[in-house]
Amino acid sequence: MHDHDADVIIIGAGIAGLACAEVLAAAGLSVIILEARDRVGGRILTHYDKKQHFPIELGAEFVHGEHPELIERIKRAGLRLRRINEEPWCLEEDGLQKCSEFWSQTEKVLEALRVTKKDHTFAEFLRSRVGKRFSADARDSATRYVEGFNAARAELISVNSIVRGLRMEEKINGDKQFRIVGGYAALVADVLKRLPAAQVRIETGTVVKQIRWKRGRVEAAVMRGRRRQTYAAQKAVVTLPLGVWQAGAVKFSPKLREKEAALKKLYMGEVIRVALRFRTRFWEKMRPQAGGATLRRMGFLFTKDKDFPTWWTQRPALEPLLIAWSPAWHTKRLRGKSNAAVVSSALASLARILGIPSSKLRKLLVEDYVHDWQADPFSRGAYSYVCAGGERGARALAAPVNHTLFFAGEATVSDGTSGTVHGALSSGTGAARELLKTIKT
Ligand SMILES: Cc1cc2nc3c(=O)[nH]c(=O)nc-3n(C[C@H](O)[C@H](O)[C@H](O)COP(=O)(O)OP(=O)(O)OC[C@H]3O[C@@H](n4cnc5c(N)ncnc54)[C@H](O)[C@@H]3O)c2cc1C
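If you count the sequence shown from 1, position 77 lands on 111 in the working numbering, and the numbers rise without skipping.
Quick look at the structure:
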């Protein structure tokens, strides 16, 4: 006897799970979404500043390019996109200045990458005959870009996967970046609103521990607080984050051997992201070079800082907020520390970069926001990337099993959009369509 039954169980109420539910419900199926946290949205997590009323993203922030499925949903929700086209600044040996070489050097290195039969890591490429043709500066800029954007370690990430990502970016105008006015959570709220209550039930605070399955039957054993329960359905869609899956936090019975092999080909990228809300946009008045421009129009700030190499403002929105981004190996010295210690490190990093004493920055600080995605048991990392030679991993992870188990989530996409909201979204609707093909009418 089961506590609850439905046609389909979806595990995870991130954007992949919610988008999947929408398609299944539209086809007339009943769906139960089992979500471990007490909220939906997963790695989309927007904090709304109560006094100032502006959104502060703790997870996904940017809309990268114009992926049709994501753009269509943003429009459908009546949300507005704000294009980001601000000045990139760089901290060079001779001080802060508008980036002159950073992008052109990075682009040249990335253009030299090729898909090859024997895949390599990005670090191997830089040490290769072709890679060595670039100056040390160019290799360094490209490494910082690859690590920052993909949250990946250069000595692990697959060159083939980077090339596919770049090709996809070209297709969707990936050079254009936007923010959703009102925050990413507004998009999640809209998808949620469209799920028909009669068909879709969302069980939050429900941690899936085990999935027992046979063809045409799935049972999910869960913990709701201290209570054990089971949910049963004919089919399930699993949208677990890669890190959760790799940790073995959810057991499959019988085991999914081919998935276990695929999991070894992908890595969960690490990111520590700090949002610092100050009293004012004090940096805007700074003029780093005598007679030069002020930082008023600064968007991104690229540095070689060990802890937080990348920073950005909210421009063109005029919020007194700076985001500190620590990707991949940079997180090493920060991992496991308290939020207060991480914020202190971010302030120390900003002090080094801007040449302002930490104590002064602290006086200007109103609030700080950190979410440790690595320590969070329901994400266990930020977003996925592919290891050298592991390109088939995502496809193997996505492959349905026995017309019964289906898989979605950002790590399951193999078209170059993994690690993004649009990738997760399209994986969710794609898995729903795969599932519907297996339903007899
Ligand atoms: C710091 C950060 C910055 C990012 N920036 C961007 C950006 O600017 N632009 C962009 O496009 N993307 C960005 N991303 C990536 C983007 O957020 C993700 O790719 C996307 O949100 C993933 O959606 P998903 O549905 O695949 O997974 P998730 O959103 O992780 O959803 C999976 C769900 O499964 C649940 N779950 C986990 N374990 C269990 C369990 N045992 N039982 C039940 N439920 C469980 C989780 O709680 C979660 O709700 C960022 C991510 C991070 C962390």
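We put the beta carbon where it would ideally sit given N, CA and C, even for glycine.
C-beta contact flag for residue i and residue j at 9 Å
i	j	result
residue 419	residue 195	yes
residue 262	residue 254	no
residue 446	residue 422	no
residue 49	residue 459	yes
residue 97	residue 463	no
residue 310	residue 402	yes
residue 116	residue 193	no
residue 2	residue 251	With the chain covering 35 to 475 only, the question about residue 2 has no answer from this structure.
residue 290	residue 443	no
residue 81	residue 63	no
residue 396	residue 277	no
residue 221	residue 108	yes
residue 94	residue 218	yes
residue 323	residue 130	yes
residue 461	residue 432	yes
Residue i CB to nearest heavy atom of ligand 1 below 8 Å
i	result
residue 273	yes
residue 120	no
residue 71	yes
residue 47	yes
residue 294	no
residue 342	no
residue 360	no
residue 407	yes
residue 325	no
residue 95	yes
residue 75	yes
residue 219	no
residue 80	no
residue 443	yes
residue 412	yes
residue 68	yes
Bridge partners - residue i, DSSP secondary structure assignment
i	result
residue 131	124
residue 419	301
residue 479	Residue 479 is absent from the model: the chain starts at 35 and stops at 475.
residue 264	255
Beta strand (DSSP E) segment containing residue i, residue limits
i	result
residue 383	No beta strand (DSSP E) holds residue 383; the alpha helix (DSSP H) holding it covers 373-388.
residue 235	234-237
residue 360	355-361
The alpha helix (DSSP H) enclosing residue i, as first and last residue numbers
i	result
residue 179	170-184
residue 202	193-205
residue 101	Per DSSP, residue 101 belongs to no alpha helix (DSSP H) and is neither H nor E.
residue 395	392-398
residue 61	Run containing residue 61: none; DSSP gives neither H nor E here.
residue 463	455-471
Any non-hydrogen atom of ligand 2 closer than 8 Å to residue i Cβ
i	result
residue 307	You won't find ligand 2 in this model; what it holds is ligand 1.
Inset, instruction - Examine the Cβ distances between the stretch 279-299 and the stretch 228-244 and report whether three or more of them are shorter than 8 Å. - result: yes
Inset, instruction - Count the CB pairs spanning the stretch 401-412 and the stretch 147-160 that are closer than 8 Å, and state whether there are at least three. - result: no
Inset, instruction - Report yes or no: do three or more beta-carbon pairs, one from the stretch 97-113 and one from the stretch 321-331, lie closer than 8 Å? - result: no
Legend entry - Stretch-stretch touch, CB-based, cutoff 8 Å, three pairs: the stretch 432-450 with the stretch 344-352: no
Inset, instruction - Kindly confirm or deny that the stretch 297-306 and the stretch 67-74 touch, where touching means at least three C-beta pairs closer than 8 Å. - result: no
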